[in-house]
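In what follows, a single structure is set out as structure tokens and then discussed.
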Amino acid sequence: MTYTPSTQHTSVPAPRRVPDRHINAVRQATDVLYEVVEELDQAAVRGQSLLPGWTRGHVLTHLARNADALVNLLTWARTGVEHQAYTSRTDRDADIEEGSRRLLQLIKADLDSACLRFDAACRDMPAHAWRSEVIAPSGTTIAASVVPLFRLREVWIHLVDLNCGVGFDDLPAEFVAELLDDAVKQFEGRVDPFSIEVDLPEGGQRIWTVSGPASRSSVSGSASAVLGWLTGRTDGTGLRGELPELPDWI
Numbered sequence: 075m076t077y078t079p080s081t082q083h084t085s086v087p088a089p090r091r092v093p094d095r096h097i098n099a100v101r102q103a104t105d106v107l108y109e110v111v112e113e114l115d116q117a118a119v120r121g122q123s124l125l126p127g128w129t130r131g132h133v134l135t136h137l138a139r140n141a142d143a144l145v146n147l148l149t150w151a152r153t154g155v156e157h158q159a160y161t162s163r164t165d166r167d168a169d170i171e172e173g174s175r176r177l178l179q180l181i182k183a184d185l186d187s188a189c190l191r192f193d194a195a196c197r198d199m200p201a202h203a204w205r206s207e208v209i210a211p212s213g214t215t216i217a218a219s220v221v222p223l224f225r226l227r228e229v230w231i232h233l234v235d236l237n238c239g240v241g242f243d244d245l246p247a248e249f250v251a252e253l254l255d256d257a258v259k260q261f262e263g264r265v266d267p268f269s270i271e272v273d274l275p276e277g278g279q280r281i282w283t284v285s286g287p288a289s290r291s292s293v294s295g296s297a298s299a300v301l302g303w304l305t306g307r308t309d310g311t312g313l314r315g316e317l318p319e320l321p322d323w324i
């Protein structure tokens with residue numbers, strides 16, 4: 075697979091500074107993904123990922139379909155014509171299941187094409203379109219400018235899920251706080267309030283309050299341990315405090 079970052083982003087209009095920062099981070103994460111995938115063989119892609127019931131082929135196919143789903147949202151923002159991320163959850167799941175059974179070469183080619191489509195969709199977005207609102211797969215309304223951050227989250231978390239040596243400690247330090255912001259939002263209104271005190275990788279601490287301003291319990295630990303727990307990838311080993319039971323990650 076070949077992933078060639080665009081050279082057309084050396085001068086960025088002010089309204090696009092935040093999206094382009096995330097777009098560039100997605101490119102870097104995608105390069106890491108490609109490096110990992112190149113080391114896989116047919117037996118490895120059929121091997122179990124860290125997600126129950128999913129092989130690595132499922133994870134890679136999901137990453138391809140997620141890229142296409144986010145392209146749909148960017149098309150919606152750019153044209154004003156509604157393009158839902160997925161036609162339905164049933165169709166999404168069926169596409170992933172079917173795609174996961176293909177030969178490794180086809181899975182790689184599919185992933186490569188989908189990643190390039192996402193990059194092209196970002197490159198083709200007019201500055202004003204980043205402010206348009208679309209509906210995320212979770213059903214929440216978001217600005218299109220958030221879509222690249224969604225893709226960044228998907229790539230890094232599923233890199234961990236591939237169980238090929240990439241962990242939460244490998245996430246770019248400058249984006250960890252944003253990914254924690256995003257993770258905390260997943261639980262708003264779904265759990266009793268609690269606070270999280272996080273040791274950030276670049277030094278210092280930050281406190282998040284989940285599901286409300288008031289909390290009776292608190293959890294603390296490193297950013298990587300907290301992210302692993304919030305995203306349901308770990309059981310919270312290494313964290314301090316009384317860990318509340320979390321609903322499923324969306």
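The sequence shown lines up with residues 75 to 324 when you count with the numbering used here.
Even for Gly, the Cβ is constructed at its ideal location relative to N, Cα and C.
The structure displayed is predicted, hence computed values, not measured ones.
For Arg175 and Gly131, the gap between their C-alpha atoms comes out near 7 Å. Non-local C-beta neighbours of Thr135 in its own chain, meaning closer than 6 Å and more than five positions away in sequence, comprise Ile170, Gly173, Ser174, ordered along the chain. Look at the beta carbons and you see the segment 189-200 not touching the segment 253-270: under three pairs across the two are nearer than 8 Å.
Residue range 279-284 is occupied by the beta strand (DSSP E) that includes Trp282. Within the same chain, Val100, Leu144 come within 6 Å of Arg225 by CB-CB distance, once the 5 residues on both sides are set aside. As DSSP reads the structure, Ala217 sits in a beta bridge with Glu207.
In the displayed model, Gly241 falls within coil according to three-state DSSP, outside both helix and strand. Residues Arg264 of the same chain have their beta carbon placed closer than 6 Å to that of Pro321, with the five preceding and five following residues left out of the count. Here Pro222 is actually not in contact with Ile324; their C-beta atoms are around 19 Å apart, not less than 8 Å.
By the Cβ criterion, the segment 260-279 is not in contact with the segment 226-235, since fewer than three pairs of Cβ atoms, one from each stretch, lie closer than 8 Å.
Contact between Leu233 and Val119 does not hold, since the beta-carbon distance rounds to 15 Å and is not under 8 Å.
Excluding sequence positions up to five before and after Gly239, its CB lies within less than 8 Å of the CB of Val110, all in the same chain and listed in chain order. In summary, Leu177 is exposed, with fewer than 16 beta-carbon neighbours lying within 10 Å of its beta-carbon over all protein chains present.
A residue is called buried when at least 16 other Cβ atoms come within 10 angstroms of its Cβ; Gly302 meets this threshold and is buried. Look at Glu113 here: in three-state DSSP terms it is coil, with no helix or strand label. The three-state secondary structure of Phe249, taken from DSSP, is helix.
Secondary structure within the segment 116-151: the alpha helix (DSSP H) runs of 4 or more consecutive residues, fully enclosed, are 116-119 (chain order).
Arg314 sits in a strand when the DSSP states are folded into three classes. Inter-residue distance for Leu125 and Trp204 is about 33 Å (C-alpha atoms, whole angstroms). Asp273 sits in a strand when the DSSP states are folded into three classes.
The C-beta distance from Ser298 to Asp243 rounds to 5 Å, short enough to meet the 8 Å contact threshold. Ranked by Cα distance from Ser162, the first of Trp150, Ala151, Arg152, Arg139 is Arg139.
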